[in-house]
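Numbering (the numbering used here), first residue to last: 25 to 578.
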């Protein structure tokens with residue numbers, strides 16, 4: 025009996041020691057993570073943060089997709105390179121495909137949905153906004169701590185609290201603190217219920233902006249999934265398409281909504297939206313989601329903030345600050361009033377130009393055959409809207425007019441917030457926080473950076489080198505125009521592709537089978553890797569929009 029008691033005490037002592045060691049290890053790991061987090065916030069550049077983010081996300085997505093079984097297992101399993109290509113395409117919201125979408129199982133489609141959601145511009149910009157806020161808080165606390173220690177080191181604890189709140193108001197007005205958010209609410213000693221105007225208003229406005237973006241994401245996705253699900257429940261023709269393909273209706277609704285809003289363009293069907301070309305109602309449901317998640321995002325964001333200011337009077341001062349001080353906020357998607365208004369005009373002008381050109385040249389063509397007049401107009405509108413960075417399609421791009429293809433190339437190349445109407449006031453252009461604090465360091469590197477067109481030319485040349493054998497043996501499929509469309513589409517994160525047709529082979533191959541995936545699916549492994557680099561480059565192109573200024577053409 026004594027042996028059991030002794031053994032129990034030793035076991036209890038051992039467990040307590042192990043628990044203490046485990047707790048100490050957890051605290052040490054937590055401290056290291058906090059230090060690493062602060063180091064990343066203070067030292068890392070936004071470009072490198074996003075690059076590491078998308079690369080890490082792509083590899084994680086590849087690992088999960090590889091671990092899950094496809095629908096076609098065991099008869100067919102995608103190659104590792106094709107799975108990685110698909111993961112990169114979903115993470116960078118490019119929708120370039122080298123595998124038919126119906127190969128993926130329901131679980132794999134859910135993983136792709138997650139990749140598209142957290143890789144979308146709205147989500148990543150929201151995360152970037154939070155990181156910037158935390159970075160400013162860390163830098164400000166260090167400045168405030170050093171300033172307060174130099175002023176009154178012998179103050180009592182009570183006086184220190186009062187001093188801390190009052191002194192922050194004066195620190196915010198000093199020149200050396202103009203670039204920092206103080207991160208706390210500043211109150212007057214005599215009027216403790218009224219916050220002082222200053223940096224606290226800016227900080228609270230940024231927090232409110234983060235809440236607005238979260239609400240915007242949830243509302244648009246919620247309404248989108250609900251409307252697509254209701255349409256599929258009511259319209260049997262659309263529902264039967266999914267039933268015949270063995271696709272889950274709820275997965276399709278969620279997948280398509282997330283893909284459309286994030287400007288990815290993936291659809292669970294092999295034919296993309298071609299199988300729904302006669303379902304005009306579904307196309308009309310998706311069109312607003314395309315605009316709300318991309319080209320009209322700044323305008324919708326301003327409208328949402330203005331409406332919230334009218335509804336919630338307590339937040340009206342924050343809404344007014346956000347609307348009037350876009351440059352100080354430094355959020356890329358919150359544009360000034362003039363720029364936002366001109367952007368709306370630009371977007372609809374581009375859509376109308378494409379719509380008129382498409383209907384004029386393709387009304388009686390094979391691309392719109394079998395559709396009535398209403399379906400043709402709706403389909404042409406859907407196609408025109410999707411050429412700006414989304415890439416869902418109802419037509420086979422390989423059979424439409426080359427004029428329309430060139431027009432689509434131009435639309436895919438243009439950044440989402442392009443405005444052809446001039447902005448006279450230089451203050452109307454919002455700047456990123458890292459752009460406002462740019463110094464003279466790295467000027468030599470900046471002078472050597474090429475323009476966007478230069479990099480695209482380099483990528484196109486590299487693809488022509490990797491695919492030179494195919495271009496010689498199969499020139500109708502592997503022509504320069506098709507390669508340009510594929511590269512520009514990957515750069516613009518659009519997803520338009522001309523595909524590959526065995527019927528266009530000059531020397532027919534009896535083993536050739538037409539597949540419902542992109543033209544890049546027929547490229548060599550080297551060509552696919554070049555396109556992976558193009559997708560990453562296109563996703564991060566906002567950091568190089570001013571490149572090539574040192575190169576003068578005389």
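Note that CB positions come from ideal geometry on N, CA and C, so glycine has one too.
Nearest to residue 301 by C-alpha distance, out of 123, 156, 420, 439, is 420. For the pair residue 511 and residue 305, the Cα-to-Cα distance works out to about 32 Å. Nearest to residue 322 by C-alpha distance, out of 519, 285, 365, 494, is 365. Around residue 425, the same chain offers 385 as residues with beta carbons nearer than 6 Å, after the five sequence neighbours per side are excluded.
Nearest in C-alpha terms to residue 77, of all of 538, 564, 240, is 564.
Distances from the alpha-carbon of residue 239 to those of 487, 146, 367, 383 put 146 closest. Of the other Cβ atoms in all chains shown, fewer than 16 fall within 10 Å of the Cβ of residue 80; this residue is therefore exposed. Runs of alpha helix (DSSP H) with 4 or more residues, each lying fully within the segment 360-396, are found at 361-386, listed in chain order. Under the three-state reduction of DSSP, residue 333 is assigned to helix.
Only buried fits residue 523, as 16 or more other CB atoms lie within 10 angstroms of its CB.
Between residue 516 and the set 360, 410, 275, 348, the nearest pair of CA atoms involves 410. For residue 328, the closest alpha carbon among the candidates 513, 288, 237 is that of 237.
In this chain, the alpha helix (DSSP H) harbouring residue 70 covers 70-91. For the pair of segments examined, the segment 328-348 was found not to touch the segment 273-289: the number of CB pairs separated by less than 8 Å stays below three. In the displayed model, residue 106 falls within a helix according to three-state DSSP. Residue environment analysis places residue 267 among the exposed positions, since fewer than 16 neighbouring C-beta atoms fall within 10 angstroms of its C-beta. Between the alpha carbons of residue 428 and residue 413 lies a distance of about 16 Å. With a threshold of 16 other beta carbon atoms within 10 Å, residue 547 meets it and is buried. Taking a contact as a CB-CB distance under 8 Å, the pair residue 545 and residue 118 does not count as one, their CB atoms being some 14 Å apart.
Contact between the segment 85-96 and the segment 108-118 is established, with three or more Cβ pairs separated by less than 8 Å. Its Cα nearest to that of residue 556, the residue 122 stands out among 403, 122, 344. Residue 357 sits in coil when the DSSP states are folded into three classes, being neither helix nor strand. Here residue 536 carries a coil assignment [DSSP, helix/strand/coil].
With fewer than 16 other beta carbons inside 10 angstroms of its own, residue 569 counts as exposed. Taking C-alpha positions only, residue 325 is separated from residue 357 by approximately 8 Å. Collapsing the DSSP output to three states places residue 401 in a helix. Annotation for residue 418: no alpha helix (DSSP H) segment contains it, and DSSP assigns it neither H nor E.
Contact annotation: residue 377 and residue 433 have beta-carbon atoms that are not nearer than 9 Å. Each of 566, 520, 102 was checked against the Cα of residue 288, and the nearest Cα belongs to 520. By the neighbour-count criterion, in which a residue is buried when 16 or more other Cβ atoms sit within 10 angstroms of its Cβ, residue 484 is buried. With respect to residue 498, residue 528 sits close: the two C-beta atoms are nearer than 9 Å. A direct Cα-Cα distance of roughly 17 Å separates residue 100 from residue 270.
Each residue's CA atom was taken as its position, placing residue 292 and residue 96 some 14 Å apart.
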